[in-house]
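Visitor: What follows is a single structure, and I will ask about it in a moment.
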Amino acid sequence: MRQFNKDTPDKQPLWLYFAVAFIAMSGLSYINFLPGLMNALAIGLGYTESQAGQVVALNGYGALLGTALAILSVKYIHWKPTIISAMSVLLLLELTTPAIISFDTLLVLRFATGFAGGLAVGVSFSVLAKMYNTNRAFGFLLFIQFIIGALVMFTLPRLELNFGAYSVFYIMATIAALSILMAISIPAGRFTTHIKLQESHTRARALGLSITIMLVIFIYLTAASALYAYVGLIGIKASLNETQVSSYIAFTGLLGLLGAMIPMIQAPCIKRRPLSIISVLLCLIAVLLLLQPTISITAYVVALALFFFSWPAVQSFLFAAIADISPSGRLSTISSLVSSIAMASGPMLAAFLIKPSDYSLMLIVCASLFALCAVILYMPLKTAPPTKAQSTSTLTTQAK
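Okay, so the sequence shown: first residue is 26 according to this note's numbering, each after it adds one.
Written out as structure tokens, the structure reads:
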């Protein structure tokens, strides 16, 4: 039987979902406009495509270490001071980056930046998992990610004209500052695990279920981040200029808002398993469009639209499934580590697969990974436990 405390759903207004999701996004905000960061490194700052991929990968591996620390310490630390401290360090490092000249020093600095951001993300994921409606919580996270991504990709070329190639780092510093203000505004004792789950799954079954879902998260995000990192450069290779590419990514990225809204809707037709599989297959189609020998503007835009629409729905459903297995937030923190590994591994994998102006091998690998996700998605999401909102409704009816 579940036990409820005073932290009921009506005491978790939408602004609270928004604030926590924004904080969770801020630690690794660069992921949301990764093509803009890659373009700034490879074009604006003069690094090679491979070096740009290494910078992004080191940032991601720093996030991996920070998230690992969050997993080990999340039970023993207070979320609010930890997040504020980590984001303050992140803010300082973002402002320091433009002063770095040496490439090796830049790698070290971005690793440290990733560590601070990963710690903040890991802790904030445990907070998201404790919210009443996990579909809504992680749907908000992806919704905000795609808003930020679209806005930054649209405005970045204009900002670079006025403030130079380091504008993308100033944007990340601004996002970090906003997240600090939001964290300060949330009462420190607001989040406790508001329900105590009955043992509906054996420990072994829950463990196997969570491992399988995390495997899908890893495979999917590895492919998605690899594609996202180089999708801008793929457009430039297709004879589009940088401004056109940024505009297309920004406008098609808005479709991600629709994809992120799907998990937030409470309706019987919203089922995780079929919608997740369909969304992964749409990503596969997007890659196949980009694999054409000659990419037309129409094919490029359609591929972006399919990819950006599908990504947030898949990721939200998978994170929510993990959160429902472990409402304490521990597994969600681990899933953030898995996602950090994947988001770092994707650009690094792509950096080793690409040849000068030849992305075909990378795209083939991404297509294979998306296909693998579609194959193994069926069982974990079919057997996943119900969401907290659904379970609460059922138990309330039984109590009557």
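We put the CB at the ideal spot given by N, CA and C, even for glycine.
Rounded C-beta distance between F188 and V305? I'm assuming under 8 Å.
Guide: Counting from 1 along the sequence shown, the entry for residue 188 is found at position 163. Counting from 1 along the sequence shown, the entry for residue 305 is found at position 280. The Cβ separation is near 38 Å, so there is no contact.
Visitor: Would you identify the three-state DSSP class for K262, choosing helix, strand or coil?
Guide: Along the sequence shown, read from residue 1 onward, the residue named residue 262 stands at position 237. If DSSP states are grouped into helix, strand and coil, K262 belongs with the helices.
Visitor: Which ranges would you report for the alpha helix (DSSP H) in the stretch 50-120 if only whole runs of at least 4 residues count?
Guide: Fully enclosed alpha helix (DSSP H) runs of 4 or longer: 59-64, 74-98.
Visitor: Could you tell me which of D129, V256, Y384 sits nearest to F332, measuring between CA atoms?
Guide: Looking up residue 332 in the sequence shown gives position 307. Here the closest residue by C-alpha is V256.
Visitor: Please confirm whether M178 and G278 have their CB atoms less than 8 Å apart.
Guide: The residue you call residue 178 lines up with position 153 of the sequence shown. The residue you call residue 278 lines up with position 253 of the sequence shown. Closer than 8 Å, so yes.
Visitor: Measuring CB atoms only, is the stretch 135-146 touching the stretch 83-102, in the sense that at least three cross pairs come out at less than 8 Å?
Guide: At 8 Å Cβ cutoff, the stretches touch.
Visitor: Take the Cβ of A124 as the centre, count every other Cβ of all protein chains shown within 10 Å, and call the residue buried at 16 or more, exposed below.
Guide: Sequence index remark: in the sequence shown, residue 124 carries index 99 (1-based). Looking at its Cβ environment, which holds fewer than 16 other Cβ atoms inside 10 Å, A124 is exposed.
Visitor: Do M239 and V363 have their C-beta atoms closer together than 8 Å?
Guide: Stepping through the sequence shown from its first residue, residue 239 is reached at position 214. Stepping through the sequence shown from its first residue, residue 363 is reached at position 338. Yes. Within cutoff.
Visitor: Three-state secondary structure (DSSP) at Q317?
Guide: In the sequence shown, residue 317 corresponds to position 292, counting from 1. It is coil, neither helix nor strand.
Visitor: Looking at M436: is its Cβ nearer than 8 Å to the Cβ of R161?
Guide: Residue 436 lies beyond the residue range present for the chain, which begins at 26 and ends at 425; the question has no answer from this structure.
Visitor: State the Cα-Cα distance for the pair L313 and L181, rounded to the nearest angstrom.
Guide: Locating residue 313 in the sequence shown gives position 288, where the first residue counts as 1. Locating residue 181 in the sequence shown gives position 156, where the first residue counts as 1. Approximately 28 Å between the Cα atoms of the pair.
Visitor: Would you mind reading off the limits of the alpha helix (DSSP H) that contains Q269?
Guide: Position 244 of the sequence shown, counting from 1, holds the residue named residue 269. Segment 267-278, the alpha helix (DSSP H) holding Q269.
Visitor: Considering Cα atoms alone, identify which of F43, A249, V193 is closest to L66.
Guide: By one-based count along the sequence shown, residue 66 stands at place 41. Closest by alpha carbon: V193.
Visitor: In the DSSP output, which residue or residues are listed as bridge partners for K296?
Guide: As a first step, residue 296 must be located in the sequence shown, where it is residue number 271. K296 is not bridged to any residue.
Visitor: Give the secondary structure of S418 by DSSP, where H, G and I count as helix, E and B as strand, and everything else as coil.
Guide: For the purposes of this step, residue 418 is taken as residue 393 along the sequence shown, with counting starting at 1. In this prediction, S418 scores a pLDDT of 37, lower than 50, which makes its location untrustworthy; no coordinate-derived value is stated.
Visitor: Which residues in the same chain as A248 place their Cβ atom closer than 6 Å to its Cβ, once the five residues preceding and following it in sequence are excluded?
Guide: To locate residue 248, count along the sequence shown from 1; it is residue 223. The residues are C391, L394, F395.
Visitor: Have a look at the DSSP bridge pairing and note the partners of D129.
Guide: Here residue 129 corresponds to residue number 104 of the sequence shown, with the count starting at 1. Note: D129 sits in no beta bridge, so no partner.
Visitor: Taking the runs of the beta strand (DSSP E) that are 3 residues or longer, which of them lie wholly in the stretch 124-207?
Guide: Listed in chain order, nothing qualifies, since the stretch 124-207 has no complete beta strand (DSSP E) run of 3 or more residues.
Visitor: In chain order, what residues of the same chain have a beta carbon less than 7 Å from the beta carbon of Y42, not counting five sequence neighbours either side?
Guide: Position 17 of the sequence shown, counted from the first residue, corresponds to residue 42. Within the same chain, Y42 has close Cβ partners M156, R161, A162, F165.
Visitor: Name the DSSP beta bridge partners of D383, please?
Guide: The residue labelled residue 383 in the question sits at position 358 within the sequence shown. Looking at the DSSP assignment, D383 forms a beta bridge with K380.
Visitor: Measuring straight from C-alpha to C-alpha, what distance separates I389 and V81?
Guide: Numbered from 1 along the sequence shown, position 364 holds the residue referred to as residue 389. Numbered from 1 along the sequence shown, position 56 holds the residue referred to as residue 81. Each residue's alpha carbon lies about 21 Å from the other.
Visitor: Going by alpha carbons, who is nearest to I242 out of S370, V326, I108?
Guide: If you number the sequence shown from 1, residue 242 lands on position 217. Per the Cα distances, S370.
Visitor: Out of curiosity, what's the CA-to-CA distance linking L316 and S385?
Guide: For the purposes of this step, residue 316 is taken as residue 291 along the sequence shown, with counting starting at 1. For the purposes of this step, residue 385 is taken as residue 360 along the sequence shown, with counting starting at 1. Between L316 and S385, the C-alpha separation is close to 6 Å.
Visitor: From D129, I48, W40, L120, pick the residue whose C-alpha is nearest to that of Y72; which is it?
Guide: Sequence index remark: in the sequence shown, residue 72 carries index 47 (1-based). Out of D129, I48, W40, L120, D129 has the C-alpha closest to the C-alpha of Y72.
Visitor: Output needed for A49: all residues of its chain with C-beta closer than 7 Å, excluding positions within five of it in sequence on either side, in chain order.
Guide: Counting from one through the sequence shown, the residue named residue 49 turns up at place 24. Excluding sequence neighbours, A49 sits near V146, S149, F150, L153, L166.
Visitor: Note down the Cα distance separating M197 from A263, rounded to an integer number of angstroms.
Guide: Position 172 of the sequence shown, counted from the start, is the residue given in the question as residue 197. Position 238 of the sequence shown, counted from the start, is the residue given in the question as residue 263. In a straight line, the C-alpha of M197 is about 29 Å away from that of A263.
Visitor: Taking the C-alpha atoms as reference points, what is the distance between A93 and I359?
Guide: Position 68 of the sequence shown, counted from the start, is the residue given in the question as residue 93. Position 334 of the sequence shown, counted from the start, is the residue given in the question as residue 359. Those two C-alpha atoms are separated by around 8 Å.
Visitor: Could you check how far apart the C-beta atoms of I109 and I209 are, in whole angstroms? I think they sit under 8 Å.
Guide: Residue mapping note: residue 109 aligns to position 84 of the sequence shown, counting from 1. Residue mapping note: residue 209 aligns to position 184 of the sequence shown, counting from 1. At roughly 7 Å, the Cβ-Cβ gap stays under 8 Å, so I109 and I209 are in contact.
Visitor: Just the C-alpha distance for A348 and S357, rounded to the nearest angstrom, thanks.
Guide: Within the sequence shown, the letter at position 323 stands for residue 348. Within the sequence shown, the letter at position 332 stands for residue 357. For A348 and S357, the distance between alpha carbons rounds to 6 Å.
Visitor: How many angstroms separate the CA atom of F342 from the CA atom of I302?
Guide: Along the sequence shown, one-based indexing puts residue 342 at 317. Along the sequence shown, one-based indexing puts residue 302 at 277. Computed Cα separation, rounded: 11 Å.
Visitor: Secondary structure at P38, three-state DSSP: helix, strand or coil?
Guide: To locate residue 38, count along the sequence shown from 1; it is residue 13. Looking at P38 - three-state DSSP - the assignment turns out to be coil, as it is neither helix nor strand.
Visitor: Measure how close the beta-carbons of Y20 and Y325 come, nearest whole angstrom, since I'm counting them as under 8 Å.
Guide: Residue 20 lies beyond the range of the chain shown here (26 to 425); nothing can be said about it.
Visitor: Between A46, P381, A190, which has its C-alpha nearest I68's C-alpha?
Guide: The sequence position of residue 68 within the sequence shown is 43, counting from 1. Of the listed residues, the one whose Cα sits closest to I68 is A190.
Visitor: Under 8 Å, do A346 and A328 count as touching if we go by C-beta distance?
Guide: Counted from its first residue, the sequence shown places residue 346 at position 321. Counted from its first residue, the sequence shown places residue 328 at position 303. Against a cut-off of 8 Å, the Cβ pair of A328 and A346 comes out as no contact.
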